[in-house]
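Accompanying notes for the structure given below.
2 protein chains.
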Amino acid sequence: MAIEKLRKEETLEMRKRFIGQSCRLFYSDDPVKIVKARGQYLFDENGKRYLDCISNVHHVGHCHPSITAAAAAQMDLLNTNSRFLHDNIVLYADRLAATLPEKLCVFYFVNSGSEANDLALRLAQQYTQHDDVIALDHAYHGHLMSLIDISPYKFRKLSGQKEWVHVAPLPDTYRGIYREDHPNPGQAYADTVKDLIEEVHRKGRKISAFFAESLPGVGGQIILPQGYSAKVAEYVRSAGGVFVADEVQTGFGRVGSHFWAFQLQGEGFCPDIVTMGKPMGNGHPLACVATTVEIAEAFTANGVEYFNTFGGNPVSCAIGLAVLDVIENDDLRGNAKRVGAHLKDLLTKIQTRHQTIGEVRGVGLFVGLELVTDREHKTPATETAARVVKRLKEEDNICVSTDGPWESVVKFKPPMCFSMEDAELVVQCIDRILTDMEASDS
Amino acid sequence: MAIEKLRKEETLEMRKRFIGQSCRLFYSDDPVKIVKARGQYLFDENGKRYLDCISNVHHVGHCHPSITAAAAAQMDLLNTNSRFLHDNIVLYADRLAATLPEKLCVFYFVNSGSEANDLALRLAQQYTQHDDVIALDHAYHGHLMSLIDISPYKFRKLSGQKEWVHVAPLPDTYRGIYREDHPNPGQAYADTVKDLIEEVHRKGRKISAFFAESLPGVGGQIILPQGYSAKVAEYVRSAGGVFVADEVQTGFGRVGSHFWAFQLQGEGFCPDIVTMGKPMGNGHPLACVATTVEIAEAFTANGVEYFNTFGGNPVSCAIGLAVLDVIENDDLRGNAKRVGAHLKDLLTKIQTRHQTIGEVRGVGLFVGLELVTDREHKTPATETAARVVKRLKEEDNICVSTDGPWESVVKFKPPMCFSMEDAELVVQCIDRILTDMEASDS
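Heads up: the sequence lines are chains A and B, in that order.
To get the working numbering, take the position in the first sequence, counting from 1, and add 732.
To get the working numbering, take the position in the second sequence, counting from 1, and add 732.
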């Protein structure tokens, strides 16, 4: 097939005409048309190559040939639904179980992280017979109605906060209520959840679930302080609720040292429900909920079938299995650990000469560069962050994006084949751009 | 790859261990393991061939080689998200627009019919600034929390009816409140919606949307009476609401004479929102919402981005385009019309000798066989229907299933390549089984 079928202006014109404008384009002033990709590289219609620092979905690299081969082979053989017995779904569940603590051994396959979080909420409410949810400030758990309700990032701009939703402070040790200088921020932030639970109880309400991304993304690439999750889980369980770890962005080895980001909180911590999505199918719509036998049994006990038309079909599971193989065979966790450490190290080095860099944080290939206008007040450098993103694209053909409540965090969540050289290039370019901006500002 | 990787007992044992039991198996007493499929045929691990009368998802036939080829070619080239410009999404939207009335020209691509219906509900509520929904009795619109709320089929067994949800009678002219002998059932059933709207208004509430499958499936393969939808749309719009046509099961030419089942209601009728899903990607997780410029603009006006990670990606759209090509090139609508008519005709013929067959209804390859214990009282023959399903599988290797509030409707919604001979075979087998059952019952 011809790679480009329409001229770019025509694509843009049709896009405006046919696709809901709520679906936004990157670089909306000058959107990019991508026609080809490989590994960590994107190519536009003129063959210009972009280094991709943000496609966490294309986890093992864009268009990995062994994923395509696995998909095509299974598509040619069979793609039916999970009401028939098939080996792929059970073999895939078995492989996923091996990555998780023993008690997380029951799986539900779905088509998106949003579907996974919606189901997690149903499971939690059914199991606990409670309604209320605690979510972290600035959190985003998906685009479905039920998830907008538990996502402060969305509901504050839309329908507002429901009476059954409660917002706990984001455990951000850079600009949150407890910072690096606190002797035990993990405990202190966990205690805010404890206090919130007590407040909920005083209202005569009951907690079904605490929902949190294992590393809050939209919140600003946040690393939860040590001890936080285990303590929160203890408080939430005492209140009869369950702990849902949203690993939709962070799972499948992105953090390098562990397969799941929640494992950064130590072996003493295990969630009751884990949701997964984005990287799971390397771009194929595939997501999952893992939970315990007890929670699954409570869900079964309601006597109502859960049927997801496409969820867990043989093709999706073949792709999921192939992704796991590539993560192992290409040692992508090892790569994430090495390259992520190098990237963080290089960014930390240039921090000494750029007052704009307030903090460098991250783990594995999940890294954030927090920009501030002054380090003392930590005022978010929103505009600077936007200019860095724009100049990296225009001058260096590098795609990064921003996040955080003030869009002041430049984030890195590249395909896991990101190399040492890629890390060096992007830091060198950021260094040059910041130097240049500082010179023209002074 | 080896077709079977585990012995069947092992697959079953792992399925029980790893997959939530709410995800049920067909023929749960003796589940079938399917390892291969082609066209309208499924093959088990021993090579036994089943005639598939129910896989409406595998619309153009199981494992159609041109769908696999399109998927593999695009997977090898690029699979990124809709924040980058790409030709496939706009070309696909353009092709879909050509099948719809002119005013339905804005598209949102998602991953499942459930995601589509959830978004439709958001669009309706945002546009109308009203909350309430009218749904048909026994309706099912998806597995998400928001959709369980508007699906009497589910909420009656689960959370119960919410105050913002109102249930209109199912316009079933066989066993509903107005039947074949009524001079104008379309108008009469539409008036029940009018009455319901007045009741809602008396409560001081306002209608955002009327949701209905264009041919209610779980309700029992129901054909809406002529004039119903246009009248309902008139009443709903007068109340400031919108008409959502759920075409998740019925779209893409299944009815033969038209591309969309709502078009059976005549040219005077056009919904405000159409949702589509199951057959759209021939098994690939692909779904969509189509709506008007006005509704899309109201959604954009809230200022909040709608981002669906996998929705509208280049691979999903390449598959969607390939499905449209096969429907056209293989004249599957023509086939659905011819074979569906033949199937209905043959079933009607055997109705004369089987008192158990209360009604044969359907259009194109969407056909239902309503079984009753006596024709006068139309008592649902639930057990007979279950036995027919079981015997067709065991004696004839034919897969059908049941639906309807009493599971008394044997339903046919096969891949669209279903042949005249397939129709003849299945009717001949049903004839034999019913004859045999009648003999042993007498």
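All residues carry an ideal CB built from backbone N, CA and C; glycine is no exception.
All values reported here derive from a predicted model rather than from experimental measurement.
Check: Here's a check: name, in chain order, each residue in its chain whose Cβ is nearer than 8 Å to the Cβ of A/R749, leaving out the five neighbours to either side.; Outcome: none
Check: Just grab the DSSP bridge partners of A/C1020 for me.; Outcome: A/F841, A/M1008
Check: Is there a Cβ from chain B that is less than 7 Å from the Cβ of A/Y872?; Outcome: no
Check: Of all the residues that make up the stretch 827-840 of chain A, which are near chain B by a beta-carbon distance shorter than 9 Å?; Outcome: L828, A829, C837, V838, F839, Y840
Check: Would you please state the rounded distance, in angstroms, between the beta carbons of B/G892 and B/P1137? I believe it to be under 8 Å.; Outcome: At roughly 17 Å, the Cβ-Cβ gap does not stay under 8 Å, so B/G892 and B/P1137 are not in contact.
Check: Using a Cβ-Cβ cut-off of 8 Å (strictly less than) and excluding sequence neighbours within five positions of B/M733, which residues of its own chain qualify?; Outcome: Residue placement at B/M733 cannot be trusted, given a pLDDT of 45 that sits under 50; the coordinates are not used to answer.
Check: Could you tell me which chain B residues have their CB closer than 8 Å to the CB of A/C795, listed as they occur along the chain?; Outcome: M807, D808, L809, L810, N811
Check: Assuming B/V1099 contacts B/P1112 (C-beta within less than 8 Å), just tell me the rounded distance between them.; Outcome: At roughly 18 Å, the Cβ-Cβ gap does not stay under 8 Å, so B/V1099 and B/P1112 are not in contact.
Check: Using a C-beta to C-beta distance shorter than 8 Å, which residues of chain B count as neighbours of A/T1032?; Outcome: G752, Q753, S754
Check: What are the uninterrupted segments assigned as beta strand (DSSP E) that are 3 or more residues long and contained completely in the stretch 796-823 of chain A, given in chain order?; Outcome: none
Check: For A/L1180, which residues in chain B fall below 9 Å Cβ to Cβ?; Outcome: This structure does not reach residue 1180 of chain A, given that chain A is present from 733 up to 1174, and the question cannot be answered.
Check: Which residues of the stretch 1118-1144 of chain B have a Cβ closer than 8 Å to any Cβ of chain A? Give them in chain order.; Outcome: none
Check: Could you tell me if B/K935 is buried or exposed, where buried requires 16 or more neighbouring beta carbons within 10 angstroms of its beta carbon?; Outcome: exposed
Check: Is A/M733 close to chain B? Criterion is C-beta to C-beta, closer than 7 Å.; Outcome: Because the pLDDT at A/M733 is just 45, under 50, the model does not fix this residue reliably, and the value given afterwards should be weighed accordingly. Chain B contact via Cβ: present.
Check: What separation, rounded to the nearest whole angstrom, lies between the Cα atoms of B/P903 and A/L783?; Outcome: 57 Å
Check: Judging by CA-CA distance, which residue of A/K963, A/A829, A/A944 is the nearest neighbour of A/L1056?; Outcome: A/A829
Check: Which one or two residues does DSSP pair with A/A1118 in a beta bridge?; Outcome: DSSP lists no partner for A/A1118.
Check: Please confirm whether B/N1040 has its beta-carbon closer than 7 Å to some beta-carbon of chain A.; Outcome: yes
Check: I'd like to know if B/D881 contacts chain A, where contact means its C-beta is closer than 7 Å to some C-beta of that chain.; Outcome: no
Check: Could you list which residues in chain A have their beta carbon closer than 7 Å to that of B/R854, in chain order?; Outcome: M877
Check: Please state if the CB of A/V897 and the CB of A/I882 are separated by a distance shorter than 7 Å.; Outcome: yes
Check: What do you reckon, are the CB atoms on B/L855 and A/D850 nearer than 7 Å?; Outcome: no
Check: Using three-state DSSP, classify A/K935 as helix, strand or coil.; Outcome: coil
Check: Considering only C-alpha positions, which residue in the set B/V980, B/V1036, B/F816 is nearest to B/N843?; Outcome: B/V980
Check: I want to see whether chain C comes within less than 7 Å of B/P1017, judged by CB atoms only; does it?; Outcome: Here the protein chains are A and B, and chain C is not one of them.
Check: Work out the CA separation of A/A1033 and A/R747 for me, nearest whole Å.; Outcome: 46 Å
Check: Starting from B/K886 and walking both ways along the alpha helix (DSSP H), at which residues does that stretch end?; Outcome: 884-887
Check: Residues in the same chain with beta-carbon distance under 7 Å from A/P957, minus the five sequence neighbours each way, listed in chain order, please.; Outcome: P903, T905, P917, G918, Y921
Check: Near A/D776, which residues of its chain fall below 8 Å by C-beta distance, leaving aside the five closest residues on each side in sequence?; Outcome: V764, K765, I766, V767, Y782
Check: Looking at chain A, is there any beta carbon in it that lies within less than 7 Å of the beta carbon of B/V899?; Outcome: no
Check: Please confirm whether any heavy atom of the ligand MN lies closer than 6 Å to the CB of B/A1113.; Outcome: Absence of the ligand MN is noted for the structure shown, with no ligands found whatsoever.
Check: Mind checking who A/I735 pairs with in its DSSP beta bridge?; Outcome: None; A/I735 has no bridge partner.
Check: Report buried or exposed for B/A871, applying the criterion of at least 16 other Cβ atoms within 10 angstroms of its Cβ.; Outcome: buried
Check: Starting from A/T1167 and walking both ways along the alpha helix (DSSP H), at which residues does that stretch end?; Outcome: 1152-1173
Check: Let's test the definition: count the other Cβ atoms within 10 Å of the Cβ of B/R739 and tell me whether it reaches 16, buried, or not, exposed.; Outcome: exposed
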